[in-house]
Each structure stands twice: as C-alpha cells, then as structure tokens.
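Step one of this worksheet: look at the structure below.
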Amino acid sequence: MHIFNPLLGVVIVALVLAAGWVIATTNRFKRLDIRVAESRSGIEVALTKRYDTLLKMRDVARGYAAHERALFADVTRLRTGASVTEMSQASSAMDGLARAINVVAENYPQLASAAIFTQLQAAVADTEQHLQAARRVYNTSVTAYNTAIVMFPASLLAAGRTGHEFFETDEQHHADVPMDFAA
Numbered sequence: 626m627h628i629f630n631p632l633l634g635v636v637i638v639a640l641v642l643a644a645g646w647v648i649a650t651t652n653r654f655k656r657l658d659i660r661v662a663e664s665r666s667g668i669e670v671a672l673t674k675r676y677d678t679l680l681k682m683r684d685v686a687r688g689y690a691a692h693e694r695a696l697f698a699d700v701t702r703l704r705t706g707a708s709v710t711e712m713s714q715a716s717s718a719m720d721g722l723a724r725a726i727n728v729v730a731e732n733y734p735q736l737a738s739a740a741i742f743t744q745l746q747a748a749v750a751d752t753e754q755h756l757q758a759a760r761r762v763y764n765t766s767v768t769a770y771n772t773a774i775v776m777f778p779a780s781l782l783a784a785g786r787t788g789h790e791f792f793e794t795d796e797q798h799h800a801d802v803p804m805d806f807a808a
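With the working numbering, letter number 157 in the sequence shown gets 782, and the count goes up by one each step, no holes.
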C-alpha cells in the first residue's frame, strides 16, 4: 500500500494555485488591455461623428476661408490611427472649427435661423456629449489597466507592459471662461 506524502500534496496544491494565479492575472491584463482598445475606439467613433457633423455644418454655412479646408484635411489625417495625444490635438482643431462656424452663423442671421443649421447645431451638441462620455470611459479603462500592472504582486507578471496614456484636454480648456455680459 502506498502512503501519500502530505508535504508532496502541499507542494502540488501550491504549484496548481500559483499556476492558476499566473493564468488569471495574465488574462486580466489582456482583458483590461482590450477594454482600453475598445474605449479608444469609442473616442475615434465619436470624433468621426463629430467630424462628419461639422462637415455638414460647413457645407450649410459655406462662408469661411480656404484655410478651414486645410484644417479638415489635417483632422482627417489625425483621426485615423492616431495616438491619444494626436486625437486630442485633432479634437482641439475641431473645437476651433466649430467656433469658426458659429462666428459665420452669427454674421448671417438667416443662416443661424435656418432649420437645417439648427438641427446640425443640436447634432453637434449631442456628439460633444458622446465624445465626453467616450473620453471618460477611455480614461477609466486606462486607470484600471495602469493600476493593474503596477500593483504588487501582479506587477511581477507585468514586466514589459507599459501603461497607456490618458486622454487629456489642451491647456486652453483648463482656463476659466470669462463671463462678460456687458455689450
């Protein structure tokens, strides 16, 4: 009759638990990385929707300079396969474009009152909300991933993994907005 050695049993259980932890932790890193990629895609979708809506507004407005067309070409280049920093820059460029379109609308009251222009303004506002939500989801996913790769003991398995960068706004959006109603 063969007697089971308790020490061998403890070693086997410890090895199985360690292997299970390694697999679970590695899979968690992969799952979180996929979530970051998915949320980044959400930002790209929102930027594309914003871009398309602004193009429609531009077509309706048609009243601004040729350098805006070059801006659209730059935005198109930046929004495809761009880094988070480049997407942030493209977003800032589109902010400027939206301001330019609104200036044109202010100068042409008949344009500002046109139903299609009003609908497009509402669509831009809706798109902005989606874009803000996508940025929040992305940054939440980045936080989860970056936290996971630096926390001990999981950080032992995270060797070679680097954190993702957060989506940040430019300095202009950090400034306080002046509220001067005197005209």
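We put the beta carbon where it would ideally sit given N, CA and C, even for glycine.
Asked	Found
Counted within 10 angstroms of its Cβ, other Cβ atoms place R656 as buried (16 or more) or exposed	exposed
Given R760 as reference, the closest of V636, L632, R665, G645 once Cα atoms are compared	R665
M776 burial status per 10 Å Cβ neighbour count (16 or more: buried)	exposed
Own chain residues within Cβ distance below 7 Å of D658, not counting five before or after	Y770
Assigned exposure category for F791 - 16 Cβ within 10 Å defines buried	exposed
DSSP state of L680 mapped onto helix, strand, coil	helix
For T678 and V810, believed in contact at Cβ under 8 Å, the rounded distance	No statement about residue 810 is possible, as the shown extent of the chain runs from 626 to 808 and does not include it.
DSSP three-state assignment for R786, whether helix, strand or coil	coil
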